[in-house]
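Residue numbers (my numbering): 3 to 262.
We put the beta carbon where it would ideally sit given N, CA and C, even for glycine.
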Ligand SMILES: [Zn+2]
């Protein structure tokens, strides 16, 4: 884990990149910010989290870091120890954590629930939608600190890196760390709440037939599993859904829960 700081004093703002090692956009955005070394009104801690997985271009080396919070310093798995160290670094910090996906090219944000932090920061981010996990996905970072996770684009793409750099600047401006104009004209952001996982059999092949965040009606076919069509039992909105993103799930089914 690489921990850096810009600005003087004890930071209560943090930016985290590459919790997943095959999502380099966050690390690149942090390196670019360190290189630019802007004048800051508030000190910021910058953390490249899973350097070992980043070096190998894998999601994780032993276990998924974003499924083992709060971690354990005595655990055998590298990422479980790392989760403990990372939480120690960012506890008390308002945090932006950058990810990328295999399922959606446009930036969106993920929070535990839409509270004051999301209401303050998210309208200033270039995001299409906001996803609430509602405590549904266990042991992820959003359950343990004041964090906004952003999915910056498609894994490994140049666009994801550009978006990550832009989202960091917007986050720092919204938090009052970067002076300069804050985007004052904000668009309404649709909010989706995760309801359930859509499981996947790791031994089979899948094709997904629907777009993320676009409503799937009851009875509509949304994927093919080997030769079998999968149809929606009730209407839902697909989130983080792709045929190859996760080993044991196609993605999530969400409801529209409002507008920010
Ligand atoms: Zn990720």
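In whole angstroms, give me the CA-to-CA distance for residue i and residue j.
{"i": "residue 118", "j": "residue 125", "result": "12 Å"}
{"i": "residue 114", "j": "residue 134", "result": "5 Å"}
{"i": "residue 203", "j": "residue 167", "result": "36 Å"}
{"i": "residue 88", "j": "residue 122", "result": "24 Å"}
{"i": "residue 257", "j": "residue 111", "result": "16 Å"}
{"i": "residue 146", "j": "residue 94", "result": "10 Å"}
{"i": "residue 179", "j": "residue 246", "result": "38 Å"}
{"i": "residue 91", "j": "residue 81", "result": "15 Å"}
{"i": "residue 164", "j": "residue 52", "result": "20 Å"}
{"i": "residue 78", "j": "residue 171", "result": "37 Å"}
{"i": "residue 191", "j": "residue 109", "result": "12 Å"}
{"i": "residue 223", "j": "residue 200", "result": "14 Å"}
{"i": "residue 35", "j": "residue 47", "result": "11 Å"}
{"i": "residue 240", "j": "residue 151", "result": "18 Å"}
{"i": "residue 12", "j": "residue 86", "result": "20 Å"}
{"i": "residue 220", "j": "residue 71", "result": "35 Å"}
{"i": "residue 216", "j": "residue 4", "result": "38 Å"}
{"i": "residue 236", "j": "residue 218", "result": "8 Å"}
{"i": "residue 66", "j": "residue 211", "result": "27 Å"}
{"i": "residue 188", "j": "residue 158", "result": "28 Å"}
{"i": "residue 38", "j": "residue 26", "result": "18 Å"}
{"i": "residue 58", "j": "residue 132", "result": "31 Å"}
{"i": "residue 1", "j": "residue 227", "result": "This structure leaves residue 1 out entirely; the chain is present only between 3 and 262."}
{"i": "residue 1", "j": "residue 231", "result": "Nothing can be reported for residue 1, as the shown portion of the chain is limited to 3 through 262."}
{"i": "residue 234", "j": "residue 55", "result": "36 Å"}
{"i": "residue 169", "j": "residue 130", "result": "12 Å"}
{"i": "residue 238", "j": "residue 76", "result": "41 Å"}
{"i": "residue 229", "j": "residue 250", "result": "18 Å"}
{"i": "residue 205", "j": "residue 30", "result": "34 Å"}
Do the CB positions of residue i and residue j come within less than 8 Å of each other?
{"i": "residue 102", "j": "residue 140", "result": "no"}
{"i": "residue 255", "j": "residue 197", "result": "yes"}
{"i": "residue 173", "j": "residue 18", "result": "no"}
{"i": "residue 148", "j": "residue 116", "result": "no"}
{"i": "residue 244", "j": "residue 104", "result": "yes"}
{"i": "residue 155", "j": "residue 100", "result": "no"}
{"i": "residue 225", "j": "residue 248", "result": "no"}
{"i": "residue 21", "j": "residue 32", "result": "no"}
{"i": "residue 64", "j": "residue 181", "result": "no"}
{"i": "residue 177", "j": "residue 15", "result": "yes"}
How many whole angstroms separate the CB atoms of residue i and residue j, which I take to be in contact at a CB cut-off of 8 Å?
{"i": "residue 10", "j": "residue 61", "result": "Not confirmed; about 36 Å, so no contact."}
{"i": "residue 242", "j": "residue 214", "result": "7 Å"}
{"i": "residue 68", "j": "residue 143", "result": "6 Å"}
{"i": "residue 107", "j": "residue 161", "result": "7 Å"}
{"i": "residue 7", "j": "residue 45", "result": "6 Å"}
{"i": "residue 193", "j": "residue 84", "result": "That pair is no contact at about 31 Å."}
Which first and last residues belong to the beta strand (DSSP E) in which residue i is found?
{"i": "residue 123", "result": "Residue 123 -> not in any beta strand (DSSP E); alpha helix (DSSP H) instead, spanning 118–123."}
{"i": "residue 101", "result": "96–103"}
{"i": "residue 181", "result": "Taken as a continuous stretch (DSSP letters only), residue 181 belongs to no beta strand (DSSP E), as it is neither H nor E."}
{"i": "residue 2", "result": "The question about residue 2 has no answer, for the chain in this structure spans 3 to 262."}
{"i": "residue 261", "result": "251–261"}
{"i": "residue 212", "result": "It is not in any beta strand (DSSP E) - residue 212 carries neither H nor E in the DSSP assignment."}
{"i": "residue 198", "result": "192–201"}
{"i": "residue 149", "result": "149–156"}
{"i": "residue 8", "result": "4–8"}
{"i": "residue 223", "result": "223–227"}
Quick check on the DSSP output: the alpha helix (DSSP H) that includes residue i runs from which residue to which?
{"i": "residue 139", "result": "Here residue 139 belongs to no alpha helix (DSSP H), and DSSP marks it neither H nor E."}
{"i": "residue 173", "result": "160–176"}
{"i": "residue 90", "result": "80–92"}
Legend entry - Uninterrupted alpha helix (DSSP H) stretches inside the stretch 15–52 (no shorter than 4 residues): 27–38
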